Structures are given as C-alpha cells and as structure tokens.
Amino acid sequence: QGIIIKHNMSTNGNGGSGRGQAMLDRLRSEAFNISTEDRLAAHSYVKAAEKGELTMKQRRAFVQEQYAIQHSDAISFAFLAGHRGFVPPSLADAVVPDPVMTPTNGGSADNLFQFLLGGEIYASKLLLQCAEKLGLDESDDLKSHQTSPLAQAYPSYWARLALAGNRAAGAAACAVNFPAWGKMCKRLVDALGDPQNGYGYHGIGDQGLAFINFFAAPIDNLDEMAVAIIEEEGVSYEDLLEPVRLLQQYELLFWDAIYNAGETN
Numbered sequence: 001q002g003i004i005i006k007h008n009m010s011t012n013g014n015g016g017s018g019r020g021q022a023m024l025d026r027l028r029s030e031a032f033n034i035s036t037e038d039r040l041a042a043h044s045y046v047k048a049a050e051k052g053e054l055t056m057k058q059r060r061a062f063v064q065e066q067y068a069i070q071h072s073d074a075i076s077f078a079f080l081a082g083h084r085g086f087v088p089p090s091l092a093d094a095v096v097p098d099p100v101m102t103p104t105n106g107g108s109a110d111n112l113f114q115f116l117l118g119g120e121i122y123a124s125k126l127l128l129q130c131a132e133k134l135g136l137d138e139s140d141d142l143k144s145h146q147t148s149p150l151a152q153a154y155p156s157y158w159a160r161l162a163l164a165g166n167r168a169a170g171a172a173a174c175a176v177n178f179p180a181w182g183k184m185c186k187r188l189v190d191a192l193g194d195p196q197n198g199y200g201y202h203g204i205g206d207q208g209l210a211f212i213n214f215f216a217a218p219i220d221n222l223d224e225m226a227v228a229i230i231e232e233e234g235v236s237y238e239d240l241l242e243p244v245r246l247l248q249q250y251e252l253l254f255w256d257a258i259y260n261a262g263e264t265n
C-alpha cells in the first residue's frame with residue numbers, strides 16, 4: 001500500500017531543519033513537557049510493572065483502552081491524510097488506502113499521517129495477539145469494553161484536531177508525544193518480558209508483547225515528516241503550544257487510568 005513501517009532511528013530532535021525544527025526543539029524544552037516526561041518516568045504503572053506487581057486487570061486495561069484508542073486515532077490520521085471516508089468497523093480487517101496527492105504539495109504534507117495510519121493498521125493485529133495472551137476476545141472483551149473517560153481523552157482530542165484540519169499542531173504533537181509514549185512502551189515491554197517478574201512471557205520477543213514492542217522502537221525520520229507539515233502550513237509557535245501541552249497531559253491521564261483500573265472498573 002506504499003506504507004513502509006520504519007522504526008530504526010531516534011525521534012528526539014535534530015531530524016528536521018530550519019524554522020519548523022526550531023519550533024519542535026522549543027516545545028521539547030517547555031516546562032510542561034519536562035514536567036510531563038518526569039512524571040511519566042516516575043509513573044506508578046511502569047514502576048509496578050518493573051517490580052512484577054501489575055495485576056491482570058491493569059494489564060488488560062492497557063489492551064482494552066488501546067483497542068479503542070487505536071481505532072479512533074486511525075480514523076483521525078486518515079482524516080488528516082485526506083481519507084475522510086475511512087471508518088472501518090475493525091482495524092484488523094482494514095486496508096491502508098492509497099496516498100492522497102494534492103496539486104500544491106505533491107502529497108508531502110500528508111506523508112506523516114499516511115504513515116501513521118499504516119502503522120495503526122499494522123499494529124492492530126499485534127494488539128489482538130496481546131489480547132489473546134491475556135484471555136481477551138475482540139467481540140466480547142474489547143469492542144464491548146466500557147472505556148475510561150480519562151484514558152480516552154487523548155484520542156478524543158486527536159479527533160478534535162482532525163475535524164478542525166489542524167495538521168500542523170497534530171504533526172508537532174506527534175514529534176513531541178510519540179517519543180514519550182515510546183519510552184513508556186520500552187520500559188513496559190522490558191518489564192513484562194523479564195521472566196523474573198512472573199508475567200508468563202518468553203522474553204520481549206514473545207508474540208503477546210509484539211504490540212508494545214512495536215511502539216517501543218523509535219520512528220525513523222519523525223521530525224522531518226513533522227517539520228514538512230509545520231513549515232507548509234505556515235503556523236506560529238503559539239498555534240502549536242496548547243495542542244501539544246494538552247496531548248502530553250492526556251498521555252499522563254491514560255497511564256493514570258489504566259493504573260487505577262482496579263479501583264474504577
């Protein structure tokens with residue numbers, strides 16, 4: 001489908017050039033972002049995972065909330081890539097639509113969201129493997145799951161950005177947020193895959209961890225793809241600041257929600 005899933009290089013800074021890259025660097029140095037990264041690094045969910053203390057309910061909550069998040073994010077990314085009719089009942093059976101080309105930019109500003117859409121569809125099958133390992137069925141336990149408002153704040157805001165056609169803010173949010181999400185996934189997959197923690201996986205290469213492992217790997221050229229959109233949209237720094245701040249806060253809410261799953265669900 002023209003989508004290459006690349007997870008090879010670091011996403012943290014210096015990937016793009018010029019004004020757009022300077023904006024990303026400035027966003028990463030904002031106090032709110034430093035605070036968010038510190039709070040994620042010390043988050044109780046990954047700390048419990050590393051101590052072998054995550055409950056089955058907390059582990060299942062990760063998968064159940066991610067199932068809804070993936071579906072929503074894929075539709076948002078599709079919308080931002082120009083595929084406004086993309087609303088599959090399940091990502092597991094979805095096909096990545098061909099890239100939309102525009103006469104003004106040759107499709108370059110859509111490459112990031114087209115790429116992300118392909119990644120979500122690819123990872124959807126990995127999530128079902130993760131669910132199966134935890135005894136979760138797609139129809140009975142994922143589609144019918146009553147999701148947490150806190151966990152779903154993140155994809156809900158993405159849908160808002162998509163509906164507004166706010167591609168530049170979305171691109172900046174990707175460049176800042178995805179590395180933070182990836183670091184959490186890396187710690188989580190290392191903890192779950194450690195036999196000493198007793199989660200029942202055969203190392204980090206276990207099929208049941210493939211979804212988390214996929215997102216634990218940095219995305220090649222993320223900054224370049226984000227910068228292309230930011231510079232083509234011609235936005236100001238202030239246009240990016242609030243959406244990025246909110247999405248980072250919503251990232252924290254997701255981890256809070258699944259850690260507290262035993263108390264709230």
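Numbering (the UniProt record's numbering), first residue to last: 1 to 265.
Think of the CB as a built atom: it goes at the ideal place given N, C-alpha and C, for glycine as much as any other residue.
Being a predicted model, the structure only gives us computed values, none of them experimental.
Just to confirm, are A159 and D239 a CB contact at a threshold of 9 Å? no
What are the boundary residues of the alpha helix (DSSP H) that residue 267 is part of? Past the boundaries of the shown model lies residue 267; the chain is included only from 1 to 265, so the question cannot be answered.
Does the Cβ of I212 have 16 or more other Cβ atoms within 10 Å, making it buried, or fewer, making it exposed? buried
Taking the straight line between their C-alpha atoms, what separation do you get for S124 and R84? 20 Å
Check the C-beta distance from R187 over to V46 and give it rounded, since I have them as a contact under 8 Å. 5 Å
M225 - containing alpha helix (DSSP H), residue span: L222 to E233
Which residue wins for smallest C-alpha separation from V100, given the options I121, F77, A92 and Y122? Among I121, F77, A92 and Y122, the Cα nearest to that of V100 belongs to F77.
Just tell me which of I230, S29, G82 and I121 has its CA closest to the CA of D93. I121
Quick check: what's the CA-CA separation for L24 versus R39? Going from the Cα of L24 to the Cα of R39 covers about 20 Å.
Could you tell me if A41 is buried or exposed, where buried requires 16 or more neighbouring beta carbons within 10 angstroms of its beta carbon? exposed
Buried or exposed, going by whether 16 or more other CB atoms sit within 10 Å of the CB of L136? buried
Here's the rule I'm using: 16 or more other beta-carbon atoms within 10 Å means buried, otherwise exposed. How should H71 be labelled? buried
Please state the DSSP three-state secondary structure of N265. Model confidence at N265 stands at a pLDDT of 40, short of 50, so the residue's coordinates are unreliable; what they give is reported in the following sentence. DSSP places N265 in coil when its eight states are reduced to three.
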